[in-house]
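Read the structure below first, then the notes.
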Amino acid sequence: MKPSIYSLTYPQLETWCIDHGFKAFHAKNLFRWLYQKRVDSFNLMSDLSLSLRDALASDFEMKGLIEVEKQVSSDGTRKYLLQLEDLSMVETVLMVQPYGYSVCISSQIGCNMGCAFCASGLIKKSRDVRADEMVRQLLHVQKDLDQDALRVSHMVVMGIGEPFDNYDHVMNTIRILNHDLGLAIGSRHMTVSTCGVPAGIRKFALEPFQVNLAISLHAPNDELRSSIMPINRAFPLKELMSALEFYFKHSNRKVTYEYILLKDVNDSVAHAKELAALIRGQHVYVNLIPYNKVEEQPFEQVTPQQAQRFFETLRKAGITATLRMEHGADIDAACGQLRSKKLKGCQI
Ligand code: SF4
28 MKPSIYSLTY PQLETWCIDH GFKAFHAKNL FRWLYQKRVD SFNLMSDLSL
78 SLRDALASDF EMKGLIEVEK QVSSDGTRKY LLQLEDLSMV ETVLMVQPYG
128 YSVCISSQIG CNMGCAFCAS GLIKKSRDVR ADEMVRQLLH VQKDLDQDAL
178 RVSHMVVMGI GEPFDNYDHV MNTIRILNHD LGLAIGSRHM TVSTCGVPAG
228 IRKFALEPFQ VNLAISLHAP NDELRSSIMP INRAFPLKEL MSALEFYFKH
278 SNRKVTYEYI LLKDVNDSVA HAKELAALIR GQHVYVNLIP YNKVEEQPFE
328 QVTPQQAQRF FETLRKAGIT ATLRMEHGAD IDAACGQLRS KKLKGCQI
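In case it helps, my numbering puts the sequence shown at residues 28 to 375.
Here's what the structure looks like:
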């Protein structure tokens, strides 16, 4: 199979042009056709010479992803189940935020991290998602928004998979989507979310771009965190905090802690106080997320009153926090839910 044209960063495209007897500046036009005009065939790139179009077509594929299913929530959230060339499926979500249109992409097919509250963890990882497949997830959503003349302004790598387990492809995705001649999504408008892989955090701290880092924390102590997030057994909080110290020192950037509120598991006032003590003094804020019920999981949704109490306790302790609104509560909103339902359906 030929590689996808969407796998190439701008400098890689320039190198390809030079290596094939064309000028480096042709990459400029090509990038515009791919990401600004968003055509779906080399033949439509009318200001590129026929010989360049032929050379591109003989070296690269230019296919988009196949939409298997799309759910639209009453709050505007759109959830897409997209099929890749090997028939694997990924979930991609568009969220309507007060600050713009944010797309959540998946970085792996399934996930081995086994977080107890996550629908994605129900299906083991079969492979990493390549950079072109992540880029095409976002392009698919952008093309959908094109019909209403809207633009994707933010991107989060927070869907199925652990991004730092697929580090190089995730970084290339960022480089491609961030480029000025492409979709030009600002690096400060991008977020990579990890369940806490210390080596990945340290590496990410040294990257030259200003992409945000989010940590799926979900518990304020080792005992509780290990019981719902197996990664904590390999890398307990002490190691995670040490990697974050390195990150703060080298990047000077703020970190977001994601904290899913699970009824009667991690949502008490005592947990909130313990959390505040754990992260006090760090350059962070906490994103509280009410749990979305997943059929196969034993967890229940927190009450709005309890979520508010948790939030207030953090606030009084001087921790900046937001209590996130649920997105797509009337569709299969939990990460991995749509895909796992579809796969189950296929197996029956
Ligand atoms: S929360 Fe993220 S890391 Fe954990 S199982 Fe789900 S997809 Fe994997």
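Cβ coordinates follow ideal geometry from the N, Cα and C atoms, glycine included.
Taking the runs of the alpha helix (DSSP H) that are 4 residues or longer, which of them lie wholly in the region 231–258? If you keep only unbroken alpha helix (DSSP H) runs of at least 4 residues inside the region 231–258, you get 249–255.
Would the beta-carbon of residue 147 be found less than 6 angstroms away from any heavy atom of ligand 1? For residue 147, the Cβ falls inside the 6 angstroms cut-off from some heavy atom of ligand 1.
Neighbourhood of residue 163 by C-beta distance below 7 angstroms, restricted to the same chain and skipping five residues each side: 33, 91, 92
Straight-line CA distance for residue 103 to residue 128? 10 angstroms
Within the continuous beta strand (DSSP E) that includes residue 53, where are the two ends? Following the DSSP letters along the chain, one finds residue 53 in no beta strand (DSSP E) but inside the alpha helix (DSSP H) bounded by residues 53–62.
Please confirm whether residue 301 and residue 235 have their CB atoms less than 7 angstroms apart. no
Out of 201, 189, 192, state which residue places its alpha-carbon closest to the alpha-carbon of residue 182. It is 201.
When we look at the beta-carbon of residue 70 and count the other beta-carbons within 10 Å, is it buried (16 or more) or exposed? exposed
Between which two residues does the beta strand (DSSP E) containing residue 288 stretch? 282–288
Can you tell me which of 153, 121, 173 puts its alpha carbon nearest to the alpha carbon of residue 63? 173
Beta-carbon within less than 6 angstroms of residue 374's beta-carbon, same chain only, minus the 5 sequence neighbours each way: which residues are those? Low local confidence applies: a pLDDT of 26 at residue 374 is under 50, so the model's placement there is unreliable, with the coordinate-based value given in what follows. Hits under 6 angstroms: none found.
Please confirm whether residue 387 and residue 324 have their CB atoms less than 7 angstroms apart. The requested residue 387 does not occur in the structure, where the chain is confined to residues 28 to 375.
Spatial distance of residue 38 from residue 349 (CA atoms): 39 angstroms
So residue 189 and residue 225 are in contact, right, with Cβ under 8 angstroms, and what is the actual spacing, rounded? Contact doesn't hold; Cβ gap of about 13 angstroms is too wide.
Between 132, 61, 152, which has its C-alpha nearest residue 209's C-alpha? 61
Which listed residue (313, 338, 204, 217) has its alpha carbon closest to that of residue 283: 313
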